[in-house]
Structures are given as C-alpha cells and as structure tokens.
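Worksheet for the structure shown next.
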Amino acid sequence: MMRGLILPLSHKEDFILGRDRNLCDVILAHEHISKQHAIISYRGGRFFIRDLGALNGTYVNGERVNGIGPLVAGDEIRLPPYMMLFFGPDHAVEDPLVNSKTSPSSGIKSSPGQKTGSITGLLSILSVSDIIQLINFTTQSGVLTVRTPELQIVEVTFLEGEIVQARVADQTGIDAIHTMLGIRSGEFEFVQGNPTPPEDAIQQSTVSLLLEATRLRDEASLTGHLSAGFSS
Numbered sequence: 000m001m002r003g004l005i006l007p008l009s010h011k012e013d014f015i016l017g018r019d020r021n022l023c024d025v026i027l028a029h030e031h032i033s034k035q036h037a038i039i040s041y042r043g044g045r046f047f048i049r050d051l052g053a054l055n056g057t058y059v060n061g062e063r064v065n066g067i068g069p070l071v072a073g074d075e076i077r078l079p080p081y082m083m084l085f086f087g088p089d090h091a092v093e094d095p096l097v098n099s100k101t102s103p104s105s106g107i108k109s110s111p112g113q114k115t116g117s118i119t120g121l122l123s124i125l126s127v128s129d130i131i132q133l134i135n136f137t138t139q140s141g142v143l144t145v146r147t148p149e150l151q152i153v154e155v156t157f158l159e160g161e162i163v164q165a166r167v168a169d170q171t172g173i174d175a176i177h178t179m180l181g182i183r184s185g186e187f188e189f190v191q192g193n194p195t196p197p198e199d200a201i202q203q204s205t206v207s208l209l210l211e212a213t214r215l216r217d218e219a220s221l222t223g224h225l226s227a228g229f230s231s
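Reading the sequence shown from the start, the letters are residues 0 to 231 in numbering that gives the first Met the number 0.
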C-alpha cells in the first residue's frame, strides 16, 4: 500500500484483496499476489482476515494466517510484497491475550481497557499529516497528543473528523498546524471521545488547514533555498 493511501472498510461488505481486476475490491497488481489472495470481513462487532489459499501467504504481525484471523488496531498486514496497517477504532475484546497484543515492527499498538478506544504509535511510522488525514477521513472525535524528544507537547482536538482546536506551546490554529507538520520524531496518542467545542473553535475545514499549512511550509523551504543560492 502506498504511503498515505487510506482504504475505508464497510461493516456490511467483504473486501477481497488480490490481482484479479474483475473479482477483487482492492487490486494488488504484482505477480506474487494471487488472483484472489485474502478477504477482510466484519463479523460480530470486529474485523477478520482470511487467506484464500494464496501461494505466498497472508501474514499478520509476521505470522502466517492459517484460515481466518482477527484484526485489532495497529496490526501489520503483509501480502508479499505489499505491507499495510490496519486501523480500528480499537475493538472491545475480553481476551487478555488479544487485548495486550502489540506490533513492535509497525511501532503501533492497541491500548487495552479503554472503552472510548485509542491508538498510539511512533511518528517514524506515520507522519502528523497522515494521522490527521486518517482521523479526518474516518470522522472521529477525540484528542490527538504528540510528544517530541524535546518534550514539546502538541494537542489537537477533533470533532467528527474536523479540527476545532490546535495548540503547540503558545501557537494556535494554522500556525500550530504549520509547526506540527514539521515534527518528524516522537510519539502520538489519539484518544476517542466527545470533546466540548471550545469558544474559539477553528471554523476552517481540516483539509483546507492542511493545504494552507503545506503551502506555508513549501514557501518557507523555497525561500530558504533561494537565500542559500544567493549567499556570498
């Protein structure tokens, strides 16, 4: 899966992954992928993945799927040579072995025991922009917290996928998001909930905020290159 590509999964439909353009919902055009390689289904309140007899196999967190296997937020799915991450929201599971399941290779893990659901991970795996787009695309409400090695703390509040507040130190709004997009290392945590919109809620859409912040970063980068080119 290409970086930044998000595929929404329905609770009502099965999704077949494979090489056949007529039979599959997700096309993986590679000779090592079977015509119908694997299928992702929603049953009894959670998602499952089933291998369809693929010669090169289907793997979850490095382990080959024999038959059908459950998916939890943060699972790393591999259909060689393709790699993708499964995002919840986290499922309420009573099995302590499943609840404490982690994915060291992906750097993302599900957080057990929280009814609201949460996802934590490393910015070396997902960028701040990727995380914001994921929350926006899935219309989730809650608070995203980013902690950097310099102990800088970033908080972004979402309401149905839209950013209503963003703070980095003394910066807010578009300035805060501009700074956030430059963060390359650290940890993030998104906790689902129903936050009360602040009085100074951001009115601009999340997509337009990201586009504007990206434009500002591009302009700053271009200015820096020009300054370096004309230095004596």
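For every residue, glycine included, the Cβ atom is placed at its ideal position computed from N, Cα and C.
Skipping 5 residues on each side, what residues in its chain have a beta carbon closer than 8 Å to that of residue i?
i, result
"S33", "G17, R18, L51, G52, A53, L54, N55"
Measure the C-alpha to C-alpha separation of residue i and residue j and round it to an integer number of angstroms.
i, j, result
"G141", "G192", "5 Å"
"V127", "P148", "15 Å"
"I38", "L133", "22 Å"
"P196", "D24", "38 Å"
"F136", "L125", "15 Å"
"S232", "Q151", "No answer is possible for residue 232: the residues shown for the chain start at 0 and end at 231."
"H31", "Y58", "14 Å"
"F187", "A72", "14 Å"
"D169", "T205", "20 Å"
"I201", "L210", "15 Å"
"T144", "N21", "42 Å"
"G68", "I48", "5 Å"
"G44", "H10", "8 Å"
Just confirm the distance between the C-beta atoms of residue i and residue j, as a whole number of angstroms; I'd bet it's less than 8 Å.
i, j, result
"G160", "T138", "4 Å"
"R216", "H177", "7 Å"
"L27", "Y81", "5 Å"
Quick check on residue i: does DSSP put it in helix, strand or coil?
i, result
"L70", "coil"
"Q164", "strand"
"T171", "strand"
"A53", "coil"
"F86", "coil"
"A37", "strand"
"I182", "coil"
Who are the Cβ neighbours of residue i in its own chain at under 7 Å, not counting the five residues just before and after it?
i, result
"A175", "A165, R166, V167"
"L158", "S140, P194, P196"
"G106", "Since pLDDT at G106 reaches only 31, below the 50 mark, its modelled position is unreliable, and the value read off the structure follows with that caveat. Same-chain partners within the cutoff: G120, L121, S123, I124."
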